[in-house]
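J.: Heads up: the protein sequence lines correspond to chains H and P, in order. Taking my numbering, I'd label the letters of the first sequence as residues 207 to 628. Taking my numbering, I'd label the letters of the second sequence as residues 26 to 276. Even for Gly, the Cβ is constructed at its ideal location relative to N, Cα and C. The structure is given below, and queries will be raised subsequently.
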Amino acid sequence: EPTMYGEILSPNYPQAYPNEAEKTWDIEVPEGYGIHLYFTHLDIELSENCDYDSVQIISGGVEEGKVCGKRTSKNPNSPIVEEFQVSSNQIQVIFKSDFSNEERFTGFAAYYVAVDINECTDFSDAPCSHFCNNFIGGYFCSCPPEYFLHDDMKNCGVNCSGNVFTELIGEITSPNYPNPYPENSRCEYQILLEQGFQVVVTVRREDFDVEPADSEGNCVDSLVFVARDQQFGPYCGNGFPGPLNIETNSNALDIIFQTDQTGQQKGWKLRYRGDPIPCAKEFTANSVWEPQKEKYVFKDVVMITCLEGFEVVQESDSLRYFYSTCQSNGKWSNSKLKCEPVNCGSPDPIQNGKVEEPEDTIFGSVARYTCDEPYYYMQNEESGEYHCAGNGSWVNDVLGTELPQCVPVCGVPSVPFVGTQR
Amino acid sequence: IFGGSPADIKSFPWQVYFASPRAGGALIDEYWVLTAAHVVEKNRNPEMYVGTTSVNRDNRKNAQMLTPERVIIHPDWTFLNDPDTRSNFNHDIALIRLKDPVKMGPTVSLICLPGKSSAYDPSMGTVGLISGWGRTEKRDHVVRLQGAKIPITPLQKCQEVKVTNPKLDLKSYVFTDNMICAGGEKGVDSCGGDSGGALVLPVPNENTKFYVAGLVSWGPECGTYGIYTRVKNYIDWITKTMQENSTPSLD
């Protein structure tokens, strides 16, 4: 059991210690205490480097001291001739004597007491990130206003997560900007816009000052942007190293600012805006777009009109034009509709005549009607040729959509009457 | 036909055969037959055929039968209780609308109507053609179509015919400008059974095309001169009647 104090006496004390003696004392005091070891009597054979007889004090594997010789107190009011103080709660005292002690040496008497150690100041590494409070047997950490103590009970951080930005424009800064940002913090922000908009982040070079990367080039404090399927950063250093404008192609963006324990700079400031998602300006054959623009974005509507002679064929009817909207996913609605050549179908037959089946029945094709000659003739001489018009009808220059008429020839017998009269 | 010769229907493809009583007509449209009023005044549902040279029963089976839909007699035609006493054949013209259109071919086609110009007033001496299955010198009825050529003559010639029938007083008959007189050469003439058939003349300036100048109407005596209804005078009536009756009746 650890003790608060103790006594260590050399073998045979106060008589001369024997030759070839070795004794070790493992001293332990309670946690949170250091050890003050002091000798009130020290009479050991003196040798160079205390090679022959010695008392060695070891703490944490490190030799705190090795004494030999005869000591007396320099202070008449104090019996202490030699003392050691360690911050550890454990030390090891090792007494050794060799084989040749011609004189009589009486050894030593030592006492140890547990002493409070100031964890806040006694060690090279401060145990707390911010405020350290020492008490007898321990210490505790505390934090400045607006900071909270992490679960490790040592580091303070700032609660800077959870903000969700939904406006189409905005500005976000690191905590305390332009004053130094807090250490030991992880700040998470989110920009969440309506579908159909992409977040565009703008960071000016002078608005960025974050602890530089370490010798291996890794950011110890870092700012990272995470979009749906892309990450931008980590960024650190004096002056923003990334592009002025970052187009994320996403309506949602996570911003993560992580800091370590040291090196707080002024931080960063960014502006963001929501740009409507663009839709590609597509080439659609046989049609014109209205309005004509260099760039189309989310919610833009265009009227796509087929050129003359073309139409959009649907199950129950056909269209000459249709509307298409740039959607939130960057694609046009109704993208499957296409302007195809109007098809007039087979030309209608006529009585007492026939139509030569055209090679094709699409816009521009020609169909020719003839009458059953010589008994019928076409009522309008120029009305035999029809072309497939843009409205899907077979049209003649003279008759329009009206079919040609084959009318009977009159007064022409196929066999002349000869008769026998003279 | 007196003084005629056998003809092929292809030489007179407009000729319509009226079965009973025997008569003739002229096909002027897919839906219309032109004939004489006296042919249909007592026969409002005539049995007609086209496209056959011979009209015996067997040949008629292969001919195209025409079904009348409506018979329209000229409004100025005088109806008599006893047609046999008729002496006034003025306006001897009628139209028959058919139920179905006639299909044309080598044996069936139309005869042209006259135009309104004076060129369609036949000059004296112009030779026309007549045809029919009516009485010949030898037979009351013939099976095979007969045709003949006759010249146009002044109406006076028809009026001056010396008839052999003493009961026939030609002076009591009505002669008008709606009539054409033709014939008078070597006994070539139309006769009973030819009524309603066409007297055709060449279309002015077209030698191979004919128009119906007259319809076989009446005559003083077969083998002399014949009187034909002057179709040109009825063009307006023909056109108007065809237009007004262009859709089928709702009977």
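#1: What does DSSP give as the partner residue(s) for ALA573(H) in the beta ladder?
#2: Going along chain P, which residues have a C-beta under 8 Å from THR511(H)?
#3: Between the stretch 213-232 of chain P and the stretch 193-200 of chain P, are three or more C-beta pairs nearer than 8 Å?
#4: Spatial neighbours of SER599(H) within its chain, please: CB distance less than 8 Å, with the 5 preceding and 5 following residues excluded, ordered by chain position.
#5: Check this for me: beta carbons of VAL152(P) and PRO179(P), under 7 Å apart or not?
#6: Would you give the residue range spanned by the beta strand (DSSP E) that HIS99(P) belongs to?
#7: In this structure, how does DSSP classify LYS475(H) when only helix, strand and coil are distinguished?
#8: Quick check: ILE34(P) and THR77(P), are their CB atoms within less than 7 Å of each other?
#9: According to DSSP, LYS499(H) sits in a beta bridge with which residue or residues?
#10: In whole angstroms, what is the alpha-carbon distance linking TYR223(H) and PHE329(H)?
#11: Determine, using beta carbons only, whether LEU120(P) comes closer than 7 Å to chain B.
#12: Could you pull the DSSP bridge partners for SER493(H) from this structure?
#13: What first and last residue would you give for the beta strand (DSSP E) that runs through LYS277(P)?
#14: Evaluate the contact criterion for the stretch 464-481 of chain H versus the stretch 519-539 of chain H: three or more CB pairs, one atom per stretch, below 8 Å.
#15: Terminal residues of the continuous alpha helix (DSSP H) containing GLU269(P)?
#16: Span of the beta strand (DSSP E) holding VAL65(P)?
#17: Anyone know if the C-beta pair for SER541(H) and THR531(H) falls short of 7 Å?
#18: On the three-state DSSP scale, how would you describe SER278(P)?
#19: Alpha carbon to alpha carbon, what distance is there between ASN558(H) and LEU277(P)?
#20: What is the residue span of the beta strand (DSSP E) that ASN369(H) lies within?
#21: Which whole runs of the beta strand (DSSP E) in the stretch 382-420 of chain H are 3 residues long or more, in chain order?
#22: Under 7 Å between the Cβ atoms of PRO462(H) and VAL507(H)?
#23: Determine the burial state of LYS190(P): buried for a count of at least 16 other Cβ atoms within 10 Å of its Cβ, exposed for fewer.
#24: Can you tell me whether PHE504(H) is buried or exposed? The criterion is at least 16 other CB atoms within 10 Å of its CB, across all chains shown.
#25: Can you find a CB in chain P that lies within less than 7 Å of the CB of PRO555(H)?
#26: Starting from GLU546(H), follow its DSSP beta bridges and name the residues at the other end.
#27: On the criterion of 16 or more Cβ atoms from any shown chain inside 10 Å, does PRO440(H) qualify as buried, or is it exposed?
#28: In terms of alpha-carbon separation, which member of ILE264(H), SER294(H), ALA316(H) lies closest to ARG650(H)?
#29: Give me the residue from CYS442(H), THR408(H), CYS545(H) with the minimum Cα distance to ASN424(H).
#30: When you compare each of LEU450(H), VAL426(H), GLU400(H), PRO418(H) to LEU458(H) by their alpha carbons, which one comes out closest?
#31: If you measure from the beta carbon of SER220(P) to each beta carbon in chain H, is any gap under 7 Å?
#32: Buried or exposed for GLN221(H), going by 16 or more other Cβ atoms inside 10 Å?
#33: Give a yes or no on whether the C-beta atoms belonging to TRP158(P) and VAL58(P) are separated by under 7 Å.
#34: Please say whether ILE97(P) and THR233(P) have beta carbons closer to each other than 7 Å?
#35: Is it a yes or a no for the stretch 376-393 of chain H touching the stretch 443-458 of chain H, going by three-plus beta-carbon pairs under 8 Å?
#36: Which residues does DSSP list as the beta-bridge partners of PRO229(P)?
T.: This is what the structure gives:
#1: TYR592(H)
#2: Counting only Cβ-Cβ distances below 8 Å, THR511(H) has no contacts in chain P at all, with the closest Cβ about 43 Å away.
#3: no
#4: CYS550, THR607
#5: no
#6: Looking at the DSSP string, HIS99(P) is not in any beta strand (DSSP E), and its letter there is neither H nor E.
#7: strand
#8: yes
#9: For LYS499(H), which the question treats as bridged, DSSP gives no partner whatsoever.
#10: 38 Å
#11: Absent from the structure is chain B; the protein chains it does hold are H and P.
#12: CYS512(H)
#13: Residue numbering for chain P in the displayed model covers 26 to 276; residue 277(P) lies beyond these limits and cannot be assessed.
#14: Of all C-beta pairs linking the stretch 464-481 of chain H to the stretch 519-539 of chain H, fewer than three are shorter than 8 Å, placing the two stretches out of contact.
#15: 260-269
#16: From DSSP, VAL65(P) is part of no beta strand (DSSP E) but of the alpha helix (DSSP H) over 62-65.
#17: no
#18: The question about residue 278(P) has no answer, for chain P in this structure spans 26 to 276.
#19: Outside the displayed range of chain P (26 to 276) lies residue 277(P), so it cannot be described from this structure.
#20: 369-371
#21: Within the stretch 382-420 of chain H, complete beta strand (DSSP E) segments of at least 3 residues are found at 392-398, 403-408, 414-416, given in chain order.
#22: Note that residue 462(H) is Ile in the sequence shown, not Pro. No. Outside cutoff.
#23: According to the sequence provided, residue 190(P) is Asn. The question's Lys does not apply to it. It counts as exposed.
#24: Result: buried.
#25: no
#26: GLU517(H)
#27: buried
#28: Only positions 207 to 628 of chain H appear in the structure, and residue 650(H) is not among them; the question remains open.
#29: CYS442(H)
#30: Residue identity differs from the one stated: residue 458(H) is Ala in this sequence, not Leu. Checking every option, the nearest Cα to that of ALA458(H) belongs to GLU400(H).
#31: no
#32: exposed
#33: no
#34: No, they are not a contact pair.
#35: Contact between the stretch 376-393 of chain H and the stretch 443-458 of chain H is not established, with fewer than three Cβ pairs separated by less than 8 Å.
#36: Paired residues: none, contrary to the question.
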